[in-house]
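In the working numbering, the protein residues as written are 463 to 725. By construction, the Cβ of each residue, glycine as well, lies at the ideal position given by its N, Cα and C atoms. The structure appears right after this line, and notes come after that.
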Amino acid sequence: MPASPEIRDDCGHREPRGERACALAEESYSTPGRTRYADLPPDRLTRCMGLGSTTFLILAVLALGFVTWRIVPAAAESSRPLLLEFKPPAAPPEPDMQVPEGPRQVEQKAQAQPESSEAPPPLEPESNPSVPSSPARPPAEPASVAEAVPETTAPRSLPAPPAERAANDAKVTWEALLLSHMERYRRYPATARSRGEQGIAYVQFTMNREGRVLSARIGRSSGSALLDGAALATIRRAQPLPAIPADRPDPQRLTVPVEFFTQ
């Protein structure tokens with residue numbers, strides 16, 4: 463038979479492994495006062511500490527889950543893009559004055575002159591009651607009429623036009639000057655002419671007192687992109703425009719028609 467395994471005791475002597483193990487086991491179970499820690503009943507302090515640790519661990523797990531649940535929705539909400547709309551500050555309203563067409567202004571002015579200059583009603587000659595009419599002397603009647611003519615009063619002179627009418631005349635004059643100045647820089651596009659494209663493009667622009675154009679755009683299209691571009695080019699080529707009169711604010715916002723017709 464093979465030799466049994468040997469181990470050394472506390473004093474260094476060799477002993478068989480099986481016998482030593484059995485002896486130690488019998489000693490541990492037979493010796494009074496020597497029991498294992500697992501066999502001892504837990505005291506009150508140990509039970510309280512274990513219960514407190516378990517409760518703390520459960521509360522920590524619940525708190526961690528609650529914090530995680532609160533953080534995830536907040537992150538989801540913050541992931542949405544934020545749209546901001548920047549609007550320019552409101553500028554003070556500028557006077558928007560539309561320049562009437564030149565030919566119409568001339569016609570209105572020509573029609574307005576006869577209305578203002580009304581001829582005074584004809585005055586009837588006053589009869590001279592001191593001269594008796596005699597059937598025997600018929601030639602005396604023309605003489606009496608001739609004598610009564612110098613006694614008639616002269617018609618009252620027409621009043622001078624008011625200051626408002628003078629200002630309107632100056633306004634029409636400046637606008638007519640502006641239209642005639644722009645007419646010299648108008649160019650009919652050759653491509654549009656060959657296609658037979660016609661129309662009127664209304665250009666809205668803002669100018670300062672020196673005649674410089676600050677901004678320009680098409681207020682009403684002519685129906686042709688070529689004609690609209692030619693109208694804007696007319697405004698740019700015509701700079702500097704006629705200066706704004708001193709009695710009008712600066713800058714001025716105007717709407718000017720630019721006509722394109724083959725005939």
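Go ahead and label valine 528 buried or exposed: buried means 16 or more other beta carbons lie within 10 angstroms of its beta carbon, across all protein chains shown. Valine is not the amino acid found at residue 528; the sequence shown has phenylalanine there. Here phenylalanine 528 is exposed, its C-beta having fewer than 16 other C-beta atoms within 10 Å.
Over the uninterrupted beta strand (DSSP E) stretch that includes isoleucine 662, give me the two end residues. It spans 661 to 669 - the beta strand (DSSP E) in which isoleucine 662 sits, taken as one unbroken run.
Sort out for me which residues DSSP pairs proline 719 with in a bridge. Paired residue(s): Tyr664.
Proximity of glutamate 727 and leucine 688 at Cβ, strictly below 8 Å: Summary: the structure shown does not reach residue 727, with the chain confined to residues 463 through 725, and so no result is reported for it.
According to DSSP, valine 675 sits in a beta bridge with which residue or residues? Valine 675 pairs with Met669.
What residue does the alpha helix (DSSP H) around serine 686 start on, and which one ends it? Taken as a continuous stretch (DSSP letters only), serine 686 belongs to no alpha helix (DSSP H), as it is neither H nor E.
Comparing alpha-carbon positions, which option in Ser677, Thr635 and Thr696 lies nearest proline 707? The shortest CA-to-CA distance from proline 707 to any of Ser677, Thr635 and Thr696 is the one to Thr635.
Between the C-alpha atoms of tyrosine 650 and alanine 692, what's the straight-line distance to the nearest angstrom? Taking the Cα positions, tyrosine 650 is about 7 Å away from alanine 692.
Per DSSP, cross-strand counterpart(s) of glutamine 701: Bridge partners of glutamine 701 according to DSSP: none are assigned.
Measuring straight from C-alpha to C-alpha, what distance separates threonine 745 and threonine 530? Residue 745 lies beyond the residue range present for the chain, which begins at 463 and ends at 725; the question has no answer from this structure.
Using the Cα positions of glutamate 642 and arginine 698, report the straight-line distance between them to the nearest angstrom. Residue identity check: residue 642 is serine in the sequence provided, not glutamate. Cα atoms of serine 642 and arginine 698: separation of roughly 15 Å, rounded to the nearest angstrom.
Three-way DSSP call (helix, strand, coil) for isoleucine 680 in this model: Collapsing the DSSP output to three states places isoleucine 680 in a strand.
Is it the case that the Cβ atoms of threonine 717 and glycine 681 are separated by a distance below 8 Å? Cβ atoms of threonine 717 and glycine 681: closer than 8 Å.
Leaving aside the five residues before and after proline 726 along the sequence, list all residues of the same chain whose C-beta is less than 7 Å from its C-beta, in chain order. In the structure displayed, the chain extends from 463 to 725; residue 726 sits before or after that span and is not available.
Environment of alanine 574 [buried if 16+ CB atoms lie within 10 Å]: At alanine 574 the pLDDT is 45, less than 50, meaning the model places this residue with poor confidence and gives no usable figure here.
If we count the other Cβ atoms within 10 Å of its Cβ and call it buried at 16 or more, is threonine 696 buried or exposed? In the assembly as shown, threonine 696 is a buried residue. Its beta-carbon has 16 or more other beta-carbons within 10 Å.
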